[in-house]
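In UniProt numbering, the protein residues as written are 1 to 262.
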């Protein structure tokens, strides 16, 4: 088994989480998506989580999972006798970066249509944290690789906002568009919960569209207009790759808006 990246402090010492287990479930979460407050230690290349305080904990953050989390469902329904799940695979560690500009907008990127995992989703820049890499270093590296933005460490401030349990990894071959989302539109997007009717609760003065930049295969870029309806799209009941903002991104936007006091 590879070096464990996500560990839980369930007893005296941290224990690695198996790929086939729900992290939220092991932390005592019920069947709901959450969020639940979690104590965590952001160690180099590893994340240690606990449902109670411990000496090395450096933050207390909310953790959430999507309502369609497959491993949460497995906890409620036993596997068929012939079904097998990997037991020698741990949970990987990734990071997503909500870059806030001086005029309080945040950067989102759209994953390309050709990706095998989560194509066509609007997400923050991010990806895997390398082994022995600090969380912030991994975030800055992924931001530079995907968007070309290079932020010197002494020219910005940062704060961890929350944790999301999912399976996803996103570079120019993976991102084909980006946009800066203002707080008002972000609030509307964050309010669109999957499986619920939220249209009546949304502000009536939302713009009909949002400007974005679409990357072209020859390395160029062109401005495009993204309909507001695309950003308010919820997860389809079928397996269609409908362009939309991911569920985890909505959770991150809600945390960012809380941080702004909006």
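All residues carry an ideal CB built from backbone N, CA and C; glycine is no exception.
Quick caveat, the model's predicted, so the values are computed rather than measured.
Residue 177 - DSSP class collapsed to helix/strand/coil: Translated into positions along the chain shown, residue 177 becomes position 177. Three-state result, residue 177: strand.
Continuous alpha helix (DSSP H) stretch holding residue 250: start and end: Taking the first residue of the chain shown as 1, we reach residue 250 at position 250. Segment 247–260, the alpha helix (DSSP H) holding residue 250.
Work out the CA separation of residue 129 and residue 143 for me, nearest whole Å. The sequence position of residue 143 within the chain shown is 143, counting from 1. The sequence position of residue 129 within the chain shown is 129, counting from 1. About 12 angstroms.
Taking residue 90 and residue 17 to be in contact with their CB atoms under 8 angstroms, please state how far apart those CB atoms are, rounded to whole angstroms. The residue you call residue 90 lines up with position 90 of the chain shown. The residue you call residue 17 lines up with position 17 of the chain shown. Right, the Cβ-Cβ distance comes to about 6 angstroms (below 8 angstroms), so this counts as a contact.
Taking its Cβ as the centre, do 16 or more other Cβ atoms sit within 10 Å of residue 246, making it buried, or is it exposed? Stepping through the chain shown from its first residue, residue 246 is reached at position 246. Counting Cβ neighbours within 10 Å, residue 246 comes out buried, since at least 16 surround it.
Would you tell me roughly how many angstroms separate the C-alpha atoms of residue 176 and residue 123, rounded to the nearest one? Here residue 176 refers to the residue found at position 176 when the chain shown is read from its first residue. Here residue 123 refers to the residue found at position 123 when the chain shown is read from its first residue. About 11 angstroms.
Classify residue 328 as helix, strand or coil using the three-state DSSP reduction. Outside the shown range of the chain (1 to 262) lies residue 328, about which nothing can therefore be said.
Drop a sphere of 10 angstroms on the beta-carbon of residue 56, count the other beta-carbons inside from all chains shown, and report buried for 16 or more, exposed for fewer. Working through the chain shown from its first residue, we reach residue 56 at position 56. Its Cβ having fewer than 16 others within 10 Å, residue 56 is exposed.
Measure the alpha-carbon distance for residue 251 versus residue 66 and round it to whole angstroms. Numbered from its first residue, the chain shown carries residue 251 at position 251. Numbered from its first residue, the chain shown carries residue 66 at position 66. Whole-angstrom Cα-Cα distance: 9 angstroms.
Return the CA-CA distance between residue 49 and residue 222, expressed in angstroms with no decimal places. The residue labelled residue 49 in the question sits at position 49 within the chain shown. The residue labelled residue 222 in the question sits at position 222 within the chain shown. Distance between the alpha carbons of residue 49 and residue 222 is about 43 angstroms.
What are the start and end residues of the beta strand (DSSP E) that includes residue 106? The sequence position of residue 106 within the chain shown is 106, counting from 1. First-last of the beta strand (DSSP E) with residue 106: 106–111.
Please report the residue range of the beta strand (DSSP E) in which residue 123 lies. The residue labelled residue 123 in the question sits at position 123 within the chain shown. Here the beta strand (DSSP E) through residue 123 covers 121–123.
Excluding the 5 residues preceding and the 5 following residue 170 in the sequence, name in chain order all residues of the same chain whose CB lies nearer than 7 angstroms to its CB. Position 170 of the chain shown, counting from 1, holds the residue named residue 170. Confidence is the limiting factor: at residue 170 the pLDDT is only 32, short of 50, which leaves the residue's position unreliable and the question unanswerable from this model.
Residue 39 versus residue 216 - alpha carbon distance: Here residue 39 is taken as the residue at index 39 of the chain shown, counted from 1. Here residue 216 is taken as the residue at index 216 of the chain shown, counted from 1. Using only the alpha carbons, I get a separation of about 42 angstroms.
So within the stretch 14–51, which uninterrupted alpha helix (DSSP H) runs reach at least 4 residues, ignoring any that extend past its ends? 23–26
Of the residues 188, 29, 163 and 59, the one placed nearest residue 257, counting alpha carbons only: Within the chain shown, residue 257 is the residue found at index 257, counting from 1. Selected option, being the one with the closest Cα: 188.
Starting from residue 62, trace the beta strand (DSSP E) both ways and give me its first and last residue. Here the question's residue 62 lines up with position 62 in the chain shown. That run of the beta strand (DSSP E) goes 59–64.
On the three-state DSSP scale, how would you describe residue 163? Residue mapping note: residue 163 aligns to position 163 of the chain shown, counting from 1. Of the three classes helix, strand and coil, the one that applies to residue 163 here is strand, per DSSP.
Span separating the alpha-carbon of residue 6 from that of residue 114: Residue mapping note: residue 6 aligns to position 6 of the chain shown, counting from 1. Residue mapping note: residue 114 aligns to position 114 of the chain shown, counting from 1. Going by the C-alpha atoms only, they are around 29 angstroms apart.
Taking residue 97 as the reference, which of 260, 253 and 261 has the closest Cα? Locating residue 97 in the chain shown gives position 97, where the first residue counts as 1. It is 253.
Could you give the first and the last residue of the continuous beta strand (DSSP E) run that contains residue 209? Translated into the one-based positions of the chain shown, residue 209 becomes position 209. Unbroken beta strand (DSSP E) run through residue 209: 209–215.
Three-way DSSP call (helix, strand, coil) for residue 149 in this model: Counting from one through the chain shown, the residue named residue 149 turns up at place 149. In this structure, residue 149 counts as coil in the three-state DSSP scheme.
Classification of residue 131 by the beta-carbon crowding that lies within 10 angstroms, buried from 16 upward: Walking along the chain shown from the start, residue 131 turns up at place 131. Looking at its Cβ environment, which holds fewer than 16 other Cβ atoms inside 10 Å, residue 131 is exposed.
Please report the distance separating the alpha-carbon of residue 214 from that of residue 162. For the purposes of this step, residue 214 is taken as residue 214 along the chain shown, with counting starting at 1. For the purposes of this step, residue 162 is taken as residue 162 along the chain shown, with counting starting at 1. Approximately 29 angstroms between the Cα atoms of the pair.
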